[in-house]
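Asker: Position in the sequence shown counted from 1, then plus 1425, gives you our numbering.
Where a beta carbon is used, it is the ideal one built from N, C-alpha and C, also for glycine.
Quantities reported herein were computed from a predicted structural model and do not represent experimental measurements.
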Amino acid sequence: MKPLDLVVNPWGARFMGRHFPCSIGRGGMTAAKREGDGATPIGTHRIVGMLYRPDRMTAPADWALPIGPHDLWSDDVRDPDYNLMVRAPHPFGHERLSRPDPLYDLILITDWNWPDATPGQGSAIFIHTWRKPRHPTAGCVGFSRKNLLWIAARLRPQSRLILRP
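1) Just how far apart, CA to CA, sit Ala1549 and Thr1535?
2) So, helix, strand or coil for Phe1550, using DSSP?
3) Determine the DSSP secondary structure at Asn1508, reduced to helix, strand or coil.
4) Are the beta-carbon atoms of Ile1452 and Pro1446 separated by less than 8 Å?
5) Tell me which residue opens and which closes the alpha helix (DSSP H) that Ala1456 is part of.
6) If you follow the alpha helix (DSSP H) that Asn1572 is part of, which residue opens it and which one closes it?
7) May I ask you to report which of helix, strand or coil DSSP gives Ile1467?
8) Please identify the residue among Lys1557, Thr1562, Pro1544 whose C-alpha is closest to the C-alpha of Phe1551.
9) Please confirm if the region 1489-1496 is in contact with the region 1505-1521, defined as three or more CB-CB distances below 8 Å between the two stretches.
10) Closest to Pro1525 by C-alpha separation, out of Pro1516, Arg1478, Val1502, would be which residue?
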């Protein structure tokens, strides 16, 4: 592990010498991730992107990209663009990135099953704001807004998400 790695286990996270409470998937952690299982995939994952809602915050880092009402993420295994960001209108199943709640105001994108996705192995393992403290996600990793902003401002291109059981 390196100092800029974000290390997560079911009890919390560690980054740059600090400890943070976090949430993981309702299905716990798994080494056999499948679409819709609600589990967080064990392993080492690169952080490959940062998205934010410019109508709700300023860019937390110079490499963050704004998202708007037409930005979606494909989670349909039949979609040729499965596990990729797409734009509305989109004929396949997807998740809207501009949500009415603050869950996706800031999203860190991991390289889980990306960019060459295998349908059914799970899509969109994001790092995002949690619903409430330690409330399970659909497979992603969640932090308080304050802690997520602190982490996002300090991430570097070599930073990785390490998920350990």
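Answerer: Let me lay it out:
1) 8 Å
2) The sequence as given places Ile at residue 1550; Phe does not occur at that position. Here Ile1550 sits in coil by DSSP.
3) coil
4) Note on residue identity: the sequence assigns Gly, not Ile, to residue 1452. Not in contact: Gly1452 and Pro1446 (Cβ atoms no closer than 8 Å).
5) From DSSP, Ala1456 is part of no alpha helix (DSSP H); its letter is neither H nor E.
6) 1570-1579
7) coil
8) Thr1562
9) yes
10) Arg1478
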